[in-house]
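Novice: Quick note: to get my numbering, add 499 to the position in the sequence shown (first position is 1).
Cβ atoms here follow ideal geometry from the backbone N, Cα and C, with glycine treated the same way.
First the structure, which I've put down as structure tokens, then a few questions once you've had a look.
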Amino acid sequence: MDKKEMISGFVDRHLEDIALVNDTIWEFAEPGMKEYKSAAFYGSFFEERGFHVDMGVAEVPTAFVASWGEGHPIIGFLGEYDALPTLSQEAACPEKCPVTEGAYGQGCGHNSLGAAAAGAALAFRDYLRENGLPGTVRYYGCPGEEYGSGKVFMARAGLFDDADICLTWHPGDMNQVKATSSLACISAFFEFTGVSAHAAANPHLGRSALDACELMNIGVNYLREHIIPEARVHYAYLNAGGIAPNVVHDKAKIHYFVRAPKIRAAQEIFQRVQDIAEGAAKMTGTRMQMHFHEALSDCCNNRTLERLMQEAFEEIGAPCFDAEDVALAERFRKTFTPGDLADIPATLEGMGIDPACISMDAPLHTGILPYTPIERAMPGSTDVGDVSYCVPTAQCTVATVALGTPGHSWQMTAQSRSSIAARGNAVAAKVMALTAAKAIADPELMRKAKEELARTAGGKYECPIPADVKPTL
Ligand SMILES: [Zn+2]
Numbered sequence: 500m501d502k503k504e505m506i507s508g509f510v511d512r513h514l515e516d517i518a519l520v521n522d523t524i525w526e527f528a529e530p531g532m533k534e535y536k537s538a539a540f541y542g543s544f545f546e547e548r549g550f551h552v553d554m555g556v557a558e559v560p561t562a563f564v565a566s567w568g569e570g571h572p573i574i575g576f577l578g579e580y581d582a583l584p585t586l587s588q589e590a591a592c593p594e595k596c597p598v599t600e601g602a603y604g605q606g607c608g609h610n611s612l613g614a615a616a617a618g619a620a621l622a623f624r625d626y627l628r629e630n631g632l633p634g635t636v637r638y639y640g641c642p643g644e645e646y647g648s649g650k651v652f653m654a655r656a657g658l659f660d661d662a663d664i665c666l667t668w669h670p671g672d673m674n675q676v677k678a679t680s681s682l683a684c685i686s687a688f689f690e691f692t693g694v695s696a697h698a699a700a701n702p703h704l705g706r707s708a709l710d711a712c713e714l715m716n717i718g719v720n721y722l723r724e725h726i727i728p729e730a731r732v733h734y735a736y737l738n739a740g741g742i743a744p745n746v747v748h749d750k751a752k753i754h755y756f757v758r759a760p761k762i763r764a765a766q767e768i769f770q771r772v773q774d775i776a777e778g779a780a781k782m783t784g785t786r787m788q789m790h791f792h793e794a795l796s797d798c799c800n801n802r803t804l805e806r807l808m809q810e811a812f813e814e815i816g817a818p819c820f821d822a823e824d825v826a827l828a829e830r831f832r833k834t835f836t837p838g839d840l841a842d843i844p845a846t847l848e849g850m851g852i853d854p855a856c857i858s859m860d861a862p863l864h865t866g867i868l869p870y871t872p873i874e875r876a877m878p879g880s881t882d883v884g885d886v887s888y889c890v891p892t893a894q895c896t897v898a899t900v901a902l903g904t905p906g907h908s909w910q911m912t913a914q915s916r917s918s919i920a921a922r923g924n925a926v927a928a929k930v931m932a933l934t935a936a937k938a939i940a941d942p943e944l945m946r947k948a949k950e951e952l953a954r955t956a957g958g959k960y961e962c963p964i965p966a967d968v969k970p971t972l
């Protein structure tokens, strides 16, 4: 029997496991870095299936590593499980209908992400066992992808250093091996402290923290013209001083994100933002304290491993949806804004792909996009980037939702527990497990992937989160 048939067979035997994980984590829908029930569930899930589980790694209670086997090659599968606020929604329901108004929901499909990665780990374990092959299967339980940078803390703790390759995927509306990078991102809080005073009687005695925030923003807005156009800087007020115009505000706080295609560029811009904050404090006679929150590196694409994943994807094939799936997808499609669909050709072009590759008439993507490596970061950031600097890493997206489904939406929550997601999950598990099986059969390719990483990552991984910054729990 060839690898593809073996792997497919093993994944098929674990379809119930995949569905169990998918639906359980969907139900829990916990915030990033607080996925206590989800992590506990995964812990017993893997222990019951013969894995050794280290819970609470990298100083994060909900981060874990489940492993089976010993020695090299060490193959890692990355799983996520955090949810998003306000995206609670009935499963498979194509009308906005929250299970609990305002509650968290799996609006990025991380329940599916973790479930199919678990399926891949189990199937690949079966494959090693059946063939008497040496090696270790690792499932990295990565918390806080949306909020908290779980993988970055895990990378800082050296948890990926001895792995030979890492594989992951993301639920989405298209079938594709990811060949673009993502933006590096640095997040920090700037808190200003001044002196309060009666705004009419003694304003000369006051020192306004709100003025400091406003001047900082003005400074940053002037900075924009003098940074690379691909960079993105955004901010939100966490404390705008209060509600009384007749009080000089003595406390104000603002949250900044600085993004750029490479982490070094983000760090340089971030330093300039910090200088501006200091300048704003000087101008207003206030004190500024910066609290580093989190940071993510860009993705260091590994073309060797991505090509192998493409080969595996083409062998496995895209998900085959039935008439019911198509009908359900049609109903979801009716809820999209015209922009959700109109954006698709431009998104494809941005990835260097001919938009004609996708039939916009079909509600579900049933092809596989051609592998198109380009040096470009797609807007958005992920902590998979830091893993990709430690170990050769490849990722794909598999269609688990209707074409055009917006990211971080109630439609994503709904479809992440549906027959559509179940079919996508099976394919994702097969593609990852088959990529792993192909990789270990080809030591020369593994060596090339490592050489490529050494060349592109420029030496040792430097964690963008300073050593003294603790995970935000
Ligand atoms: Zn996500």
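Taking 7 angstroms as the cut-off, is the CB of E943 close to at least one heavy atom of ligand 1?
Specialist: Indexing the sequence shown from 1 puts residue 943 at position 444. The answer is no for E943.
Novice: Skipping 5 residues on each side, what residues in its chain have a beta carbon closer than 8 angstroms to that of L737?
Specialist: In the sequence shown, the residue the question calls residue 737 occupies position 238. Contacts found: F688, K752, I753 and H754.
Novice: Go through its chain and collect everything with a Cβ distance to K650's Cβ below 6 angstroms, but skip five positions before and after it.
Specialist: As a working mapping, residue 650 is identified with position 151 in the sequence shown. Excluding residues within five positions, the ones whose Cβ falls inside 6 angstroms are C641, D882, D885 and V886.
Novice: Starting from K947, follow the alpha helix (DSSP H) in both directions and report where the run begins and ends.
Specialist: Taking the first residue of the sequence shown as position 1, residue 947 is located at position 448. First-last of the alpha helix (DSSP H) with K947: P942 to A956.
Novice: What residue range does the alpha helix (DSSP H) around M673 cover?
Specialist: Sequence index remark: in the sequence shown, residue 673 carries index 174 (1-based). Run containing M673: none; DSSP gives neither H nor E here.
Novice: Quick check for students: name the residue ranges of the alpha helix (DSSP H) that lie wholly in the region 701-777, counting only runs of 4 or more.
Specialist: As far as the region 701-777 is concerned, its whole alpha helix (DSSP H) runs of at least 4 residues are 708-722.
Novice: Going by CA-CA distance only, name the one from E546, I919, C856 and R512 that's closest to F831.
Specialist: For the purposes of this step, residue 831 is taken as the residue at position 332 of the sequence shown. Here the closest residue by C-alpha is I919.
Novice: Are the region 888-895 and the region 653-668 touching, with three or more C-beta to C-beta distances below 8 angstroms?
Specialist: With a cut-off of 8 angstroms, the region 653-668 and the region 888-895 count as touching, because enough Cβ pairs lie within range.
Novice: Below 8 angstroms on the Cβ atoms is my contact criterion, and I expect Y626 with M787 to pass it. Report the Cβ-Cβ distance as a whole number of Å.
Specialist: To locate residue 626, count along the sequence shown from 1; it is residue 127. To locate residue 787, count along the sequence shown from 1; it is residue 288. Rounded, the Cβ-Cβ distance is 55 angstroms, inconsistent with contact.
Novice: May I have a chain-ordered list of the beta strand (DSSP E) segments no shorter than 3 residues that lie completely inside the region 634-683?
Specialist: If we require 3 residues or more, the beta strand (DSSP E) runs fully inside the region 634-683 come out as 634-641 and 664-671.
Novice: Residues in the same chain with beta-carbon distance under 8 angstroms from A598, minus the five sequence neighbours each way, listed in chain order, please.
Specialist: Numbered from its first residue, the sequence shown carries residue 598 at position 99. Sequence check: residue 598 is Val here, not Ala. Within the same chain, V598 has close Cβ partners S587, Q588, E589 and G604.
Novice: In or out: A794 buried (at least 16 other Cβ within 10 Å) or exposed?
Specialist: Position 295 of the sequence shown, counted from the start, is the residue given in the question as residue 794. Label assigned to A794: buried.
Novice: By the 10 Å Cβ neighbour count, where 16 or more other Cβ atoms means buried, how is H571 classified, buried or exposed?
Specialist: Along the sequence shown, read from residue 1 onward, the residue named residue 571 stands at position 72. With fewer than 16 Cβ atoms within 10 Å of its Cβ, H571 is classed as exposed.
Novice: In terms of residue numbering, what span does the beta strand (DSSP E) encompassing H790 cover?
Specialist: Counting from one through the sequence shown, the residue named residue 790 turns up at place 291. Run containing H790: R786 to L795, per the beta strand (DSSP E) assignment.
Novice: Give me the DSSP bridge partner(s) of T1041.
Specialist: No answer is possible for residue 1041: it lies beyond the span of the chain, which begins at 500 and ends at 972.
Novice: Is C798 near ligand 1, going by C-beta to nearest heavy atom under 7 angstroms?
Specialist: By 1-based counting over the sequence shown, the position of residue 798 is 299. The answer is no for C798.
Novice: Our contact map puts A698 next to P744 with C-beta atoms below 8 angstroms; I'd like the distance itself, whole angstroms only.
Specialist: Walking along the sequence shown from the start, residue 698 turns up at place 199. Walking along the sequence shown from the start, residue 744 turns up at place 245. About 7 angstroms; that satisfies the 8 angstroms criterion.
Novice: Entirely within the region 536-591 and at least 3 residues each: give me those beta strand (DSSP E) ranges in chain order.
Specialist: Whole beta strand (DSSP E) segments, 3+ residues: 551-554, 563-569 and 573-579.
Novice: Given this structure, state the Cα-to-Cα distance separating I768 from I726, to the nearest angstrom.
Specialist: Numbered from 1 along the sequence shown, position 269 holds the residue referred to as residue 768. Numbered from 1 along the sequence shown, position 227 holds the residue referred to as residue 726. Distance between the alpha carbons of I768 and I726: 7 angstroms.
Novice: Work out the CA separation of D967 and T561 for me, nearest whole Å.
Specialist: Mapped onto the sequence shown, residue 561 falls at position 62. Mapped onto the sequence shown, residue 967 falls at position 468. Approximately 20 angstroms between the Cα atoms of the pair.
Novice: Going by the CB atoms, is the gap between G575 and S915 shorter than 8 angstroms?
Specialist: Here residue 915 corresponds to residue number 416 of the sequence shown, with the count starting at 1. Here residue 575 corresponds to residue number 76 of the sequence shown, with the count starting at 1. No. Outside cutoff.
Novice: Below 8 angstroms, can you find three or more Cβ-Cβ pairs linking the region 632-639 to the region 849-859?
Specialist: Contact between the region 632-639 and the region 849-859 is absent, because fewer than three Cβ pairs lie under 8 angstroms.
Novice: Which stretch, first to last residue, makes up the alpha helix (DSSP H) that contains V883?
Specialist: By one-based count along the sequence shown, residue 883 stands at place 384. It spans V883 to C889 - the alpha helix (DSSP H) in which V883 sits, taken as one unbroken run.
Novice: Suppose you measure from the CA of A711 to the CA of P905; what does that come to, to the nearest Å?
Specialist: Along the sequence shown, read from residue 1 onward, the residue named residue 711 stands at position 212. Along the sequence shown, read from residue 1 onward, the residue named residue 905 stands at position 406. Rounded to whole angstroms, A711 to P905 spans 37 angstroms at the Cα level.
Novice: Would you check whether ligand 1 has a heavy atom nearer than 7 angstroms to the C-beta of E547?
Specialist: The residue you call residue 547 lines up with position 48 of the sequence shown. E547: no, Cβ never under 7 angstroms from ligand 1.
Novice: Looking only at its chain, what residues have a beta carbon closer than 7 angstroms to the beta carbon of A948, apart from the 5 residues adjacent to it on each side?
Specialist: Locating residue 948 in the sequence shown gives position 449, counting from the first residue. These residues qualify, in order along the chain: I664, N801, T803, L804 and P891.
Novice: Report the residue from A708, Q770 and G613 whose alpha carbon sits nearest the alpha carbon of S542.
Specialist: Looking up residue 542 in the sequence shown gives position 43. According to the sequence shown, residue 542 is Gly rather than Ser. Checking every option, the nearest Cα to that of G542 belongs to G613.
Novice: Count Cβ pairs between the region 767-785 and the region 715-724 that sit closer than 8 angstroms; are there 3 or more?
Specialist: Short answer: they touch.
Novice: Using a Cβ-Cβ cut-off of 7 angstroms (strictly less than) and excluding sequence neighbours within five positions of T692, which residues of its own chain qualify?
Specialist: Locating residue 692 in the sequence shown gives position 193, where the first residue counts as 1. Cβ neighbours of T692 beyond the five flanking positions: A708, D749, K750, T785 and R786.
Novice: Could you check if H478 belongs to the surroundings of ligand 1, using beta carbon to heavy atom distance under 7 angstroms?
Specialist: Given that the chain is displayed from residue 500 to residue 972, the structure contains no residue 478 and the question cannot be resolved.
Novice: Got a sec? Which residues, its chain only, sit under 7 angstroms from L933 by beta carbon, not counting five neighbours each side?
Specialist: In the sequence shown, residue 933 corresponds to position 434, counting from 1. Excluding residues within five positions, the ones whose Cβ falls inside 7 angstroms are K502, K503, I506, A811, E814 and I815.
Novice: Assuming the contact rule is C-beta atoms closer than 8 angstroms, V510 and K929 should be a hit. Round their C-beta distance to whole Å, please.
Specialist: The residue labelled residue 510 in the question sits at position 11 within the sequence shown. The residue labelled residue 929 in the question sits at position 430 within the sequence shown. The Cβ separation is near 5 angstroms, so the contact holds.
Novice: If I measure Cβ to Cβ from A730 and keep anything under 6 angstroms in the same chain, skipping five residues before and after, which residues do I get?
Specialist: Within the sequence shown, residue 730 is the residue found at index 231, counting from 1. Contacts found: A759 and I768.
Novice: According to DSSP, which residues form a beta bridge with F831?
Specialist: Position 332 of the sequence shown, counted from the first residue, corresponds to residue 831. According to DSSP, which records beta bridges pairwise, F831 is partnered with nothing at all.
Novice: For the putative contact between Q766 and P963, defined by C-beta atoms under 8 angstroms, what is the C-beta separation to the nearest angstrom?
Specialist: The sequence position of residue 766 within the sequence shown is 267, counting from 1. The sequence position of residue 963 within the sequence shown is 464, counting from 1. The pair is a contact, with the Cβ atoms about 7 angstroms apart (cut-off 8 angstroms).
Novice: Which partner residues of M877 appear in the DSSP bridge assignment?
Specialist: Start at 1 with the first residue of the sequence shown, and residue 877 comes out as number 378. For M877, which the question treats as bridged, DSSP gives the partners S681.
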